[in-house]
Structures are given as C-alpha cells and as structure tokens.
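Residue numbers (our numbering): 197 to 318. We put the CB at the ideal spot given by N, CA and C, even for glycine. Computed from a predicted model, the values in this text were never measured in an experiment.
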Amino acid sequence: MAESVAEGGDDRPDDTDGGRGSGGDGGIGVATKTRSRTKQPTPYRVLMLNDDYTPMEFVVLCLQRFFRMDMEAATRVMLHVHQKGVGVCGTFTYEVAETKVSQVMDFAQQNQHPLQCTLEKA
197 MAESVAEGGD
207 DRPDDTDGGR
217 GSGGDGGIGV
227 ATKTRSRTKQ
237 PTPYRVLMLN
247 DDYTPMEFVV
257 LCLQRFFRMD
267 MEAATRVMLH
277 VHQKGVGVCG
287 TFTYEVAETK
297 VSQVMDFAQQ
307 NQHPLQCTLE
317 KA
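What follows is the structure in structure tokens.
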C-alpha cells in the first residue's frame with residue numbers, strides 16, 4: 197500500500213490529530229508551577245530640617261496634616277527636630293515620600309516659612 201502525495205509535492209503524512217500538535221505523545225504533558233516573587237519597593241524616609249524661623253506650632257500642623265500624626269506624636273517629632281536639627285516624619289515608597297516633601301514645602305512657602313523637608317533612602 198502506497199502513501200498518497202499531496203498536490204504540491206509535499207510527502208508529509210496527513211495531520212491526524214486535528215491540528216492539536218500533540219507530537220504523537222498521546223496528549224500527555226507535565227505541568228510546571230513557577231512562583232514569581234515581587235520585589236518590595238525601596239523605602240524612603242521623609243526628613244524635616246530645623247530652622248530658626250518656622251514656628252513650632254506650624255511644624256506640628258504640618259506633621260498632623262501631611263503625616264496624619266496626632267498631637268502627641270507631632271509634638272514629639274517637632275521637639276526632636278528642634279533639638280537634633282533633623283527628624284524623621286515617616287517612611288514611604290519613593291513616590292509617596294516625594295509627594296509629601298512637595299506638599300510640606302509648598303505649604304510652608306504659601307505661609308512664608310522657610311521650613312525644609314527632604315527624603316533619603318531608608
């Protein structure tokens with residue numbers, strides 16, 4: 197019995213598995229499970245710097261408004277900034293930290309205070 201040759205001179209056998217491409221292994225395969233790990237974003241600290249002109253009450257207001265601190269926590273951070281020259285307002289992702297720095301700086305400028313705020317890698 198001879199195999200028939202397709203019209204274009206193609207001598208490959210007909211596709212008998214309906215185009216599924218099982219490769220003749222009966223459709224049996226091995227499933228593999230891969231776990232992808234999401235890298236944690238780098239944390240950044242928002243720092244407030246002391247100056248001799250910004251009122252302590254304004255610093256407390258900024259800490260309450262932009263960092264959602266209660267009066268006690270805001271006063272504690274303000275006193276740390278006043279005594280040590282710099283204090284940590286919080287730790288955030290880069291985008292959030294950058295936004296908070298901008299908010300504090302804009303608010304200070306609108307109220308004509310020289311308060312400075314910056315960020316650094318935690």
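Spatial neighbours of residue 307 within its chain, please: CB distance less than 7 Å, with the 5 preceding and 5 following residues excluded, ordered by chain position.
-> 254
If you scan the segment 257-292 from start to end, which runs of the beta strand (DSSP E) of 3 or more residues do you find wholly inside it?
-> 282-288
Flag residue 225 as yes if its beta-carbon sits less than 8 Å from any beta-carbon of chain E, otherwise no.
-> Among the chains in the structure shown there is no chain E, since it carries only a single protein chain.
Look at residue 301 and residue 274 and say whether their C-beta atoms are less than 8 Å apart.
-> no
Where DSSP assigns a beta bridge to residue 315, which residues make up the other side?
-> 242
Residue 295 versus residue 231 - alpha carbon distance = 33 Å
If you drop the 5 nearest sequence neighbours on each side, which residues of the same chain put their C-beta closer than 8 Å to that of residue 269?
-> 259
Can you tell me the Cα-Cα spacing of residue 261 and residue 297, whole angstroms?
-> 12 Å
Do you know offhand how far residue 202's Cα is from residue 233's?
-> Residue confidence is low: residue 202 scores 49 on pLDDT, short of 50, so the model does not pin down where it sits. No coordinate-derived value is stated.
Put residue 308 into one of helix, strand or coil per three-state DSSP.
-> coil
Simplified DSSP state of residue 299, which is helix, strand or coil = helix
What is the DSSP secondary structure of residue 255, counted as helix, strand or coil?
-> helix
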